[in-house]
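Data block below; observations after.
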Amino acid sequence: MIYAVIAAGGIGSRMGNVEKPKQYLKIKDKPIIAHTVEKFFVNDAFRKIIILTPAQWVNYTKELLAKYLPQNDKVVVVKGGDTRNETIMNAVRYIEENDGLDDDTVIVTHDAVRPFVTARIIDENIRYALEYGATDTVVAATDTIVESVDKQTISNIPDRKMMYQGQTPQSFKAKKLKELYESLTDDEKDILTDACKIFSMKGCPVHLVRGEVHNIKITYPYDLRVAKALLDEEIK
Amino acid sequence: MLNTVYRLTQPRKIEIAFTEIDLFKPEVVVKPTYLSICHADQRYYQGTRDPKILAQKLPMALIHEGIGEVVYSPVAEFKPGDKVVMIPNTPVEHDDIIAENYLRSSKFRASGFDGFMQEYVQIAPDRLVHLPDGIDPHVAAFTELVSVSVHAISRFDKIAHARRNIIGIWGDGNLSYMTCVFLRKFFPDTKLYVFGIDEKKLQDFTFVDKTFLTTQIPEDLRVDHAFECVGGNASQIAINQIIDFINPEGTISILGVSEYPVPINTRMILEKGLRMFGSSRSGRKDFLKTVEMYEQYPEIVDYLSLMVGNVVTIRHIKQITEAFDSDLKKPMGKTIMKWEK
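In structure tokens:
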């Protein structure tokens, strides 16, 4: 069974002078989260699409998606956790309680604020998660990545040819993720904020899926302007 | 839903654009799976169309031959997972006499609006035809082209007189080959003679009765009717040769596209009382007929599979240009894009 897990956390504090978390802002007259969910909605591989939001936004999100998506029983909205990993684990718990977990249960986790994700990226996530156990969607780094430990001077400049920028989806065999996550100490959980990192730290392969430069995350007002600019070119 | 569209913005340059798919429209959403490159796409891609036309039409997603899989359908006729062939002709009105592909108001994919080079195609349910299970997707991809032959033969059957002892087919390319495959099935008792310029290509027409080089046609040879599948600069020679070798009151079916007006021997058309008719594109009923024939005569699909040239998997935009470039180099056959965008 394949599940989509859409993380719609965050209080949207980085979005400038707006009241709502950024996934609820509209592009093309539709909330960003609705655009994102639609990409998973039309993919028949998914048994369910689980959307995780802060507790106070659960009802709002349910009502919103009921309005913007055709009637269905595929989309569910549940409460997220305090951290990204806890949010993902809430989705895993939801699956376990409702359908049960088996070795081939795959979750494709995605940011609600990346509505430009493509069918290819989603399909490759499913394919490689089933084959390798975990995937991370990345694009080759175009800027040189500079590491600074003391925030003042360079401590390292890794070879750019080996550097990638992480996007989402990240996909996992859910049972394996749960086992690895539960084996972490609380300190480790604090450090391992990225679920792919849990896999790779534990020596489990994470297969790369080529992302797209346009698979942007709408985080800052600048991103929203870019998203709107990308959409301006209409069919003649 | 935001949809990624791969548009030709200028010759040889394909760029990403985004459109919005409204799931509340009474239309089906199809994920393209196999797309086939046509000469018309190449003319846009290479920039050999009139610059004025190019300026008018671009940016536009190319490709009007393709199949896909239904991912979302608001109508009961289709469900997710259904394999379908997409009809590029898009009528906006109905006429009891004029076929949909001849209505001047009809729009056509990759000519008047975006073609199938998209992440998803939103399309009216009557622009889709179910494909039989297990059909070779590489062949199914160019069903549109095949349906143009089927359309022309169906019209020929209505127009041409009943003596059909010998039909001549001028041309040794894809269009001629497909037309012969279907003529063989439509008229099993008719002798098919193929006239071409390339002996090697003519050797592929194993199922016809005779093949001739156009420079070596016996003086006394006659055909009852003829199909012109040549087009381009050679149209003139082909059509005039047909006029010379056809019997009186024969029917000539013109299928080859020429960018320029073609001078033809009208005196002899008059003297022989010939009929000449043109066919272009196809409509829903031609697609239905084509798919029905694929099912009824599986050997048709086998013959057509010999036309499959290069198959290029597309996951990256640069692979699209590689597919178009490789298509240009091949002498015959179809280039198929396995579409994984």
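Chains as they are written, first to last, in our numbering: chain A, 5 to 240; chain B, 1288 to 1628.
We put the beta carbon where it would ideally sit given N, CA and C, even for glycine.
Residues of the same chain with a CB within less than 8 angstroms of the CB of residue 1467 (chain B), apart from the 5 flanking positions on each side, are 1456, 1479, 1481, 1492, 1494, 1495 in chain order. In this structure, the beta-carbon distance from residue 1350 (chain B) to residue 1390 (chain B) does not fall below 8 angstroms. Nearest Cα to residue 228 (chain A) within the set A:118, A:172, A:204: A:118. If the five residues before and after residue 32 (chain A) are omitted, its C-beta is found closer than 7 angstroms to the C-beta atoms of 235, all from its own chain and listed in chain order. For residue 42 (chain A), the chain B residues whose Cβ falls inside 7 angstroms of its Cβ are 1288, 1310, in order along the chain. Within chain A, the C-beta atoms nearer than 9 angstroms to that of residue 1368 (chain B) come from 48, in chain order. For a cut-off of 8 angstroms, the C-beta gap from residue 1298 (chain B) to residue 1332 (chain B) is around 7 angstroms, short enough to register as a contact. With respect to residue 1397 (chain B), residue 1375 (chain B) sits close: the two C-beta atoms are nearer than 8 angstroms.
For residue 211 (chain A), the closest Cβ of chain B is not nearer than 8 angstroms. With a beta-carbon spacing of about 10 angstroms, residue 1428 (chain B) and residue 1418 (chain B) fall beyond the 8 angstroms limit used to define contacts. Here residue 1295 (chain B) is bridged, per DSSP, to B:1301, B:1347. Residue 175 (chain A) carries a strand assignment under DSSP once its states are collapsed to helix, strand and coil. Around residue 1316 (chain B), the beta-carbon contacts reaching into chain A at under 9 angstroms are 46. Residue 1563 (chain B): member of the beta strand (DSSP E) spanning 1562 to 1565, first to last residue. One alpha carbon belongs to residue 219 (chain A), the other to residue 175 (chain A), and they sit about 16 angstroms apart. In the DSSP assignment, residue 1597 (chain B) falls within the beta strand (DSSP E) that extends over 1595 to 1601. Residue contact with chain B for residue 114 (chain A): absent (no Cβ-Cβ distance below 8 angstroms to any residue of chain B). Approximately 25 angstroms separates the beta-carbon atoms of residue 1433 (chain B) and residue 1335 (chain B); this is outside 8 angstroms, ruling out the contact. Proximity of residue 1361 (chain B) to chain A, defined by a Cβ-Cβ separation below 8 angstroms, is satisfied.
Taking a cut-off of 8 angstroms on C-beta distances, the stretch 140 to 156 of chain A does not touch the stretch 52 to 64 of chain A, as fewer than three cross pairs fall below it.
Here the alpha carbons of residue 1545 (chain B) and residue 1522 (chain B) stand approximately 7 angstroms from one another. A straight line joining the alpha-carbon of residue 1528 (chain B) with that of residue 1503 (chain B) spans about 12 angstroms.
Boundaries of the beta strand (DSSP E) harbouring residue 1319 (chain B): 1315 to 1323, taken from the DSSP string. Apart from sequence neighbours up to five positions away, the residues of its chain that approach residue 38 (chain A) with a beta-carbon distance below 8 angstroms are 68, 69, 72, 73, ordered along the chain.
Counting along the chain, residue 199 (chain A) sits inside the alpha helix (DSSP H) bounded by residues 199 to 205. The continuous alpha helix (DSSP H) containing residue 64 (chain A) extends over residues 62 to 72. The beta carbon of residue 178 (chain A) sits closer than 7 angstroms to the beta carbons of 96, 99, 105, 109, 110, 111 from its chain, once the five residues preceding and following it are set aside; these are given in chain order. Annotated three-state conformation of residue 114 (chain A) is strand, per DSSP. In the structure shown, residue 89 (chain A) falls within a helical segment according to DSSP collapsed to helix, strand and coil.
Between residue 1316 (chain B) and residue 1356 (chain B), the C-beta spacing is not below 8 angstroms.
Residues of chain B with a Cβ closer than 8 angstroms to the Cβ of residue 235 (chain A) are, in chain order, 1289, 1305, 1307.
Around the beta carbon of residue 1460 (chain B), 16 or more other beta carbons sit within 10 angstroms, so the residue counts as buried. For residue 1406 (chain B), the chain A residues whose C-beta falls within less than 7 angstroms of its own C-beta are 122, 123, listed in chain order. Against chain A, a Cβ distance below 9 angstroms from residue 1628 (chain B) picks out 122, 123, 124. When the five nearest sequence neighbours on each side are left out, the beta carbons in the same chain lying within less than 7 angstroms of the beta carbon of residue 5 (chain A) are those of 51, 103, 109, in order along the chain. Residue 32 (chain A) has a beta carbon lying within less than 8 angstroms of a beta carbon in chain B.
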